[in-house]
Amino acid sequence: MRLLSKMGTAVVLILFLAISLLVACGSDDETKEPAPTHAITPAPTTTPPPALSPTPTSSPSPMASVKTFDEGLWRNPSLEYHPYARWWWPGGAVESDEIERELSVMRDAGFGGVELAEVVFGLALDEVENNPEIRTVGTPEFFQKVLVAAKSARNLGMGFDVTLGSGWPGGVPNASAAPERQLLMSSLQIEGPVLYDGTVPPPEIPYSVQFVIDINMDTVLGPFDTDTEVVAVTAARVIDDSTAIQVLESFVDITDKLEGEILRWQVPEGKWLIFAFHQNRTNHCPAGSAYPDACEVPQVVDHLDPAGARELINAFGDPLLDALGDQSPDAIFVDGFEMVAELPWTPSFLEAFQTSKGYDLVPYLPLTFLQRGESKYNTITVDMYGRTLDPVYTANEIGSRVREDYEDVRAQLFMDGFVVPVRDWAHSNDLLLRLQSQGGLADFIDVYEMVDIPETEGLYSGGRFDFLKLASSAAHTSGKPLVGSESFIVMAANGHALTLEDFYRLGGRLLSAGVNRIVYHGWPYHYIQQDGEPWYQCIADPEKLCLGNMPMTSWIDESHPVWEDFPAFNDYLARLCYAMSTGTHRADVAWLLPDWRVPDEVFANFGGIKPEEGESEVSKSLKRAGLVYDRVSQKGLTDATVIDGGFQVGQGQYKALLLTEFDVASPELMESIKRVSAAGIPIVVVGELPTRARGLVDYEKRDMETQQSSDRLRTEVVFVTEEADVGASLISLGVQPLLTPMDSEDFKFALDHRELADSDIVLLFNEFGEDRAQTLAINLAATGVQMLNPETGESAALHTTLDADGQSIINVTIPARRSVVLWIER
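If you're matching positions, the sequence shown starts at 3 in our numbering and goes up one per residue.
In structure tokens:
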């Protein structure tokens with residue numbers, strides 16, 4: 003979830019216009035889309051395929067891949083396959099009777115569970131101050147209300163998840179003993195040779211903090227922490243200051259020249275910069291927190307040290323479980339990470355860096371900082387305009403390498419210091435961990451793989467298909483049966499902006515991307531405010547604590563214009579989630595994610611939900627070829643193994659490898675790619691192969707090893723110039739999809755594939771605004787095909803013919819914005 007600001011009218015207008023410029027101009031012929039004019043009507047059948055056994059799984063998830071495909075469950079899926087709702091509470095201002103009523107209403111509307119989240123957004127500040135029950139999250143009285151909800155959900159057979167803490171990222175209801183910290187850099191320029199005898203450059207409020215102050219985002223940051231601590235003092239010679247990014251050399255640690263507040267250092271000849279590095283608290287408040295006391299009092303914990311995770315568990319997690327007793331939740335949920343540090347830091351960072359990389363980071367600290375800092379609320383504006391985060395300073399040969407080493411260590415600290423402790427605590431209490439890794443400080447895929455239910459979202463990166471695939475890919479490579487999504491959230495005109503056809507399109511996009519646990523965003527507890535209006539948290543009102551400059555969807559309750567359609571729609575989703583939870587996922591292509599950072603190119607949806615909006619040309623090319631892909635991380639591909647007929651990354655098996663935007667790679671990763679190539683597995687490259695290794699240590703030797711591997715691979719891989727040709731290139735190399743169009747046209751649907759012992763489950767999704775039909779060849783020995791209709795639960799045999807080679811041919815017609823499932827017997 004994303005916070006923009008509680009801001010004045012001028013800033014609202016500026017941001018509104020900035021986002022609007024990203025939306026395609028002109029009218030969209032699909033803005034007012036009619037519902038499909040016909041149902042899916044294949045020929046009837048009286049003999050269903052036999053029950054089938056999928057590949058077993060050892061996942062701890064309560065919804066593990068089912069062992070048989072049960073037509074009874076397909077027709078009437080149990081609640082565990084139905085979508086969940088994020089259930090917002092206005093802090094602790096809730097009543098038992100209303101809690102029980104709302105859960106019952108949700109269940110009747112086809113919801114299978116809830117995720118509890120408490121916020122103050124959408125409320126006027128004076129209302130929060132006048133109603134003492136709102137800011138009670140984390141108190142014994144509040145946890146008793148959670149107990150009422152937990153018991154009621156259990157009595158209704160619904161799932162029940164709880165967010166770890168109030169607001170996001172995770173924080174505690176007081177001044178933290180292990181708070182999120184940052185490193186600040188200040189500098190002064192001096193000409194040598196001269197003796198410098200004076201104070202070090204004082205800390206200044208960085209741009210990243212000033213930006214938040216300027217837009218009055220007082221629900222995110224408390225006052226700037228002036229209690230700073232000098233961590234190090236360094237110097238570097240300026241060798242080129244004629245460009246926007248100054249080039250430095252001769253890095254030196256002069257911390258030992260500091261006595262008290264006075265630095266005495268003999269400056270060598272030339273132009274030099276003296277740097278002072280100050281550590282302080284970010285005073286970052288969990289966004290929307292409904293903890294007791296004012297907004298600026300609760301603090302986000304250190305996400306780079308286990309002490310921060312432990313503080314969050316002690317303050318919220320353990321008291322929650324103590325209060326719930328045998329009514330503990332199914333899963334603990336951790337929302338997306340929106341950190342605000344100028345340079346993310348923890349007091350043990352330098353020691354951890356030395357241990358991991360084998361050299362002292364201190365002299366090179368100037369090379370770790372980025373222009374405008376790393377606050378989420380600054381970087382999103384960079385991402386929206388497709389720009390890059392440039393360094394403040396650079397150095398010939400080593401500048402980017404030091405930053406890479408910093409990111410490597412930071413990523414490991416984030417995983418070891420936050421993700422692992424929270425996951426291990428959850429498991430020790432028989433809970434699952436459901437987590438969104440977006441916005442975090444490590445490779446998204448690597449983090450997703452560590453948790454029980456990796457969860458994507460519909461707002462980050464605009465909810466584009468490429469981004470949605472990251473969470474499901476991690477689930478496939480780590481053998482997790484569940485893939486969650488914070489769903490049906492877009493920046494739009496109002497909380498009720500989505501039409502029923504929008505819901506169908508977004509739902510189909512999620513399922514075709516591999517999601518099988520849909521969580522609506524979201525359901526507001528029915529709270530009547532002092533102005534007489536019902537409460538909804540994702541509003542735009544300068545008089546209230548707000549999420550941003552405009553509302554977000556979706557306001558789900560009895561007031562929604564398509565409320566009467568939700569029971570049938572949720573049954574539709576549940577059938578598809580059930581089908582796509584069977585067996586083992588199968589993908590044709592492993593596509594390397596070359597960089598840990600995934601831009602958050604959010605866009606508004608003023609013109610309605612458009613087909614394939616924001617999707618990359620590479621992804622669309624693979625779809626047009628009928629190929630299913632997973633994204634894999636550099637770590638995952640480095641550890642890949644060759645198997646009969648392909649290669650394996652974790653538990654995912656693939657027939658081909660795709661490399662794009664691949665500029666930097668370790669020699670170890672290149673060796674793994676060489677093994678894949680040596681096994682005769684097709685490799686397609688868009689662009690060039692890497693010319694250097696990552697990191698500073700032994701970089702000349704490692705660069706040479708990487709370059710040698712690239713030189714050898716250059717004669718073995720296939721280079722593609724146009725991204726739109728990727729799919730066709732893979733087909734020409736013998737990568738055979740499960741289904742092939744007979745008319746030599748592009749494949750017309752999005753496809754996802756689950757494999758069982760002697761059959762295959764295939765989801766086909768028509769994302770477009772018109773009905774589509776296609777004749778398809780099945781590239782395996784099929785003995786029968788059934789089409790499963792998720793709108794009705796019916797199944798019917800598809801008429802098949804055999805071509806001259808004995809290959810089964812089928813005709814498929816799918817209405818606009820709808821999905822079907824093929825059940826193919828082998």
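Just so it is clear, CB atoms sit at the ideal spot from N, CA and C, and this is done for glycine as well.
The count of Cβ pairs closer than 8 Å, one atom from the stretch 227-235 and one from the stretch 150-166, stays below three, leaving the stretches out of contact. Selection Gly224, Thr584, Gly516, Arg511 evaluated against Trp825 yields Thr584 as nearest (Cα-Cα). Relative to the Cα of Ser618, the nearest Cα in the group Tyr580, Gln531, Ala726 belongs to Ala726. Taking every protein chain shown into account, the CB of Pro85 has 16 or more other CB atoms within 10 angstroms, so this residue is buried. Pro134: not part of any alpha helix (DSSP H); DSSP gives it neither H nor E. Two segments are said to touch when three or more pairs of C-beta atoms, one from each, lie closer than 8 Å; by this definition the stretch 785-797 does not touch the stretch 539-546. Look at the stretch 450-509 and you find these whole runs of alpha helix (DSSP H), each 4 residues long or longer: 467-480. Nearest C-alpha to Glu261 among Pro321, Leu323, Gly200, Leu275: Gly200. Spanning the alpha carbons of Thr785 and Ser623 requires a straight line of approximately 30 Å.
Where Leu800 is concerned, there is no enclosing alpha helix (DSSP H), because DSSP gives it neither an H nor an E. From the listed residues Leu345, Gly290, Asp448, Pro300, the smallest Cα separation to Pro225 is found for Pro300. Per DSSP, reduced to three states, the secondary structure at Val342 is coil, with no helix or strand assignment. Rounded to whole angstroms, the Cβ separation of Leu435 and Ile334 is 6 Å, and the two are in contact under 8 Å. Closest in C-alpha terms to His528, from the list Arg77, Glu82, Ala95, Tyr83, comes Ala95. The beta-carbon separation of Val302 and Ala180, rounded to 10 Å, does not stay under the 8 Å limit for a contact. Look at Gly194 here: in three-state DSSP terms it is strand. Residue pairing from DSSP places Ala238 in a beta bridge opposite Leu275. Counting C-beta atoms within 10 angstroms of its own C-beta, Gly124 has 16 or more neighbours from the protein chains shown and is therefore classed as buried. Within the DSSP secondary-structure output, Leu661 pairs in a beta bridge with Val687. Checking the DSSP bridge columns, you'll see Gly115 partnered with Tyr86, Gly161. Looking at the DSSP output, Gln248 bridges to Tyr395. Counting along the chain, no alpha helix (DSSP H) covers Ala333; the unbroken beta strand (DSSP E) around it starts and ends at 333-336. Put simply, the stretch 246-266 does not touch the stretch 136-143. Fewer than three CB pairs are less than 8 Å apart.
Taking one beta carbon from each stretch, the stretch 668-677 and the stretch 604-615 have fewer than 3 pairs nearer than 8 Å; the two do not touch. DSSP, reduced to helix, strand and coil, places Val299 outside both helices and strands of the structure shown, so it counts as coil. Annotation: Val492 to Pro536 spans about 21 Å, alpha carbon to alpha carbon.
DSSP lists no beta-bridge partner residue for Arg403. According to DSSP, Phe721 shares a beta bridge with Val687.
Taking C-beta atoms under 8 Å as the contact rule, Arg577 and Trp76 qualify, at a distance of about 6 Å. The Cβ atoms of Leu513 and Asp754 lie closer than 9 Å to each other. A buried status is given to Ser474, since no fewer than 16 other beta-carbon atoms sit within 10 Å of its beta-carbon. Under the DSSP assignment, Trp525 falls outside any alpha helix (DSSP H), being part of the beta strand (DSSP E) whose first and last residues are 519-526. With contacts defined as CB atoms closer than 9 Å, Asn285 and Gln532 fail to qualify as a contacting pair.
Just so you know, the alpha carbons of Ile447 and Ala515 end up roughly 15 Å apart. Contact check for Ala343 against Glu182 passes: the beta carbons are separated by less than 9 Å.
Distances from the CA of Phe277 to each of Val722, Ala799, Leu186, Pro743 were compared; the closest alpha carbon is that of Leu186.
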